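Per full-length UniProt numbering, the very first residue in the sequence shown carries number 1; after that it's consecutive.
Some notes on the structure that comes next.
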Amino acid sequence: MATQVVSPIDGVKHGDNSPIGGMNSGGITPIPDAKHNPHIIDLARWAVDEYNKEHKTSLKFVKVDYAAQQVVSGMMYYITLEAANGGLMGVYEAKVWEQAWISSRKLVEFKQILPNA
């Protein structure tokens, strides 16, 4: 029987042969223990800071909930994180494109996915 996993990134069911399970070029791969991965935490903090600069807001990074990566010309990171907005907690998704060999990062997308509570 094939294993089916619903991706939090695209909401699609992926079976055993899906690129989400491996590191194929272009496939999205979950990052094990992303909540405690120092690089992912650094990227999440950076994404919140960049969003604050671009939108003149004052979100405060709290923690990483989930992350996945995709090999592109560099690495695309999909990070689900929690941040505080005036004392209220919200859940956000950040999409960060990193080209480590030239020390380049770009915040591709940052959006709230669950309301402040």
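We put the CB at the ideal spot given by N, CA and C, even for glycine.
For clarity, every value in this text was computed on a predicted model and none was experimentally measured.
Does the beta-carbon of G26, which I'm using as the reference point, lie nearer than 7 Å to any heavy atom of the ligand NAD?
Absence of the ligand NAD is noted for the structure shown, with no ligands found whatsoever.
Output the distance between the C-alpha atoms of I28 and V96, rounded to the nearest integer angstrom.
About 13 Å.
Which runs of the beta strand (DSSP E), 3 residues or longer, sit entirely within the UniProt domain "Cystatin" (23–113)?
Within the UniProt domain "Cystatin" (23–113), the complete beta strand (DSSP E) runs of at least 3 residues are 28–30, 60–72, 74–85 and 88–99.
Measure the alpha-carbon distance for E82 versus R105 and round it to whole angstroms.
Going by the C-alpha atoms only, they are around 20 Å apart.
Sort Y51, H36 and G86 by Cα distance to K63 and report the nearest one.
Selected option, being the one with the closest Cα: H36.
Could you tell me which of S73, V108, Y77 and L114 sits nearest to W101, measuring between CA atoms?
Here the closest residue by C-alpha is S73.
Alpha carbon to alpha carbon, how far is N116 from Y57? Give it in angstroms, no decimals.
With the sequence shown as reference, residue 57 is identified as Thr, and Tyr is not the correct amino acid for it. Roughly 15 Å separates the two Cα atoms.
Return yes when the Cβ of A34 is within less than 8 Å of the Cβ of Y66, no when it is not.
In contact: Y66 and A34 (Cβ atoms closer than 8 Å).
Alpha carbon to alpha carbon, how far is Q69 from Q112? Give it in angstroms, no decimals.
Each residue's alpha carbon lies about 19 Å from the other.
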